[in-house]
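Inspection log for the structure reproduced underneath, given as structure tokens.
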Amino acid sequence: MRRWIAFTPAVVIVLAALVLLLVGPIAQPAGYHDFADRRTGLGVPNAADVLSNAGFALVGLWGLARLWPSRRGPALASGWPGHCVFLVALVLVAAGSAYYHLAPDDFRIQWDRLPIALTCAGLLAGVYPELEPRANGKLWAALLATAAVLSVLWLGTTGDLRPYALFQASPLLLIPLWQAIYRAPRGDRIAYGAAILVYVFARVAEIYDREIYSALGWMSGHTTKHLLAALASWVVVRRLYNRAQAASR
Numbered sequence: 001m002r003r004w005i006a007f008t009p010a011v012v013i014v015l016a017a018l019v020l021l022l023v024g025p026i027a028q029p030a031g032y033h034d035f036a037d038r039r040t041g042l043g044v045p046n047a048a049d050v051l052s053n054a055g056f057a058l059v060g061l062w063g064l065a066r067l068w069p070s071r072r073g074p075a076l077a078s079g080w081p082g083h084c085v086f087l088v089a090l091v092l093v094a095a096g097s098a099y100y101h102l103a104p105d106d107f108r109i110q111w112d113r114l115p116i117a118l119t120c121a122g123l124l125a126g127v128y129p130e131l132e133p134r135a136n137g138k139l140w141a142a143l144l145a146t147a148a149v150l151s152v153l154w155l156g157t158t159g160d161l162r163p164y165a166l167f168q169a170s171p172l173l174l175i176p177l178w179q180a181i182y183r184a185p186r187g188d189r190i191a192y193g194a195a196i197l198v199y200v201f202a203r204v205a206e207i208y209d210r211e212i213y214s215a216l217g218w219m220s221g222h223t224t225k226h227l228l229a230a231l232a233s234w235v236v237v238r239r240l241y242n243r244a245q246a247a248s249r
């Protein structure tokens, strides 16, 4: 491997950070909390956006139950601290997002964003130590989880979305680069690539919240985002489970 290739991910992140620095502070869009589907169901306000978070909890709990026995095995050990953060954060996403969507406002959204940032930290801290033997998985998980919390605190204090947005985009940029540079197993590259693609569709659905609701009449773009994002997390967790099962045979 040429040495300069190994620095490509760091260069990409630095360039992205510089672009955001030049752009200046990014504020939350006006009317952000005005979601399309306001229907009450089973006595729950904004029921579709609240209840659709159950998928995150199911994936996180299933992953913890299935992967915990193999956490010290060869398939998971190096990345387990990060994988564990990711799985726990998925459960917290379900709780935080449901809490936010019951009565969306600027205070409650912080409890939605914090676990989302932690899922990003877990993804990064799970993948890199598996590819780079010199990386300390526990240290990576601790540092990235701290960075995730700080990005949300910065947003809550200043109203500036830039650090949080960069943190959310980091797995989409870094994981494919790391896997290409370190020649990750083909199955890992396919799984994470598919998860990233599904997640991109989820973000597109979020943008077209009202348009999707108007077209379908029974499901909004934001509800679709929740379901697709949970599916993306399932693809990753299922890949980890398959790896652990294969290693135990």
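Note that our numbering has the sequence shown beginning at 1, numbered continuously upward.
Don't be surprised by glycine CBs; every beta carbon is placed ideally from N, CA and C.
Quantities reported herein were computed from a predicted structural model and do not represent experimental measurements.
May I ask you to report which of helix, strand or coil DSSP gives residue 122?
helix
What three-state label does DSSP hand residue 1 in the structure shown?
Residue placement at residue 1 cannot be trusted, given a pLDDT of 47 that sits under 50; the coordinates are not used to answer.
Residue burial classification, residue 242 (beta-carbon count within 10 angstroms, cutoff 16)
exposed
Here's the rule I'm using: 16 or more other beta-carbon atoms within 10 Å means buried, otherwise exposed. How should residue 157 be labelled?
exposed
Assign residue 41 to one of three DSSP states: helix, strand, or coil.
strand
Got a sec, what are the start and stop residues for the alpha helix (DSSP H) residue 86 sits in?
80 to 102
Tell whether a beta-carbon distance below 9 angstroms holds between residue 229 and residue 198.
yes
Between residue 236 and residue 127, what straight-line distance do the alpha-carbon atoms span, to the nearest angstrom?
11 angstroms
Residue 225 burial status per 10 Å Cβ neighbour count (16 or more: buried)
Residue 225 comes out buried.
At 4 residues or longer, what runs of the alpha helix (DSSP H) sit wholly inside the segment 25 to 76?
47 to 51, 54 to 67
Excluding sequence positions up to five away, which residues of its chain have a Cβ less than 7 angstroms from the Cβ of residue 6?
181
For residue 151, the first and last residue of its enclosing alpha helix (DSSP H)
137 to 158
Measuring straight from C-alpha to C-alpha, what distance separates residue 217 and residue 206?
16 angstroms
Within its chain, find whatever has a CB closer than 8 angstroms to the CB of residue 220; leave out the 5 residues flanking it on each side and keep chain order.
35, 36, 37, 48, 49, 209, 210, 212, 213
Given 8 angstroms as the limit, is there contact between the segment 22 to 34 and the segment 62 to 71, that is, 3 or more CB pairs closer than that?
The segment 22 to 34 is not in contact with the segment 62 to 71.
Boundaries of the alpha helix (DSSP H) in which residue 173 is found, first to last residue:
Segment 162 to 181, the alpha helix (DSSP H) holding residue 173.
Let me know if residue 40 comes out buried or exposed under the rule of 16 or more other beta-carbons within 10 Å of its beta-carbon.
Using a 10 angstroms sphere on the CB of residue 40, the tally of other CB atoms stays under 16, which defines it as exposed.
Sorted by chain position, which residues of the same chain lie with C-beta nearer than 7 angstroms to residue 86's C-beta, five sequence neighbours on each side aside?
119, 122, 123, 126
C-alpha distance - residue 134 paired with residue 176, whole-angstrom precision
Spanning the two alpha carbons is a distance of roughly 19 angstroms.
Might you give, ordered along the chain, the residues of its own chain that have their beta carbon closer than 7 angstroms to the beta carbon of residue 99, omitting 5 neighbours on each side?
108, 111
Excluding sequence positions up to five away, which residues of its chain have a Cβ less than 6 angstroms from the Cβ of residue 192?
175
In chain order, what residues of the same chain lie with their CB nearer than 6 angstroms to the CB of residue 129, ignoring the 5 residues before and after it?
Counting only Cβ-Cβ distances below 6 angstroms, and skipping sequence neighbours, we find 78, 79, 135, 137, 140.
If residue 247 and residue 75 are in contact, beta carbons under 8 angstroms, what's the gap, nearest whole angstrom?
4 angstroms
For residue 178 versus residue 144, is the C-beta spacing smaller than 9 angstroms?
no
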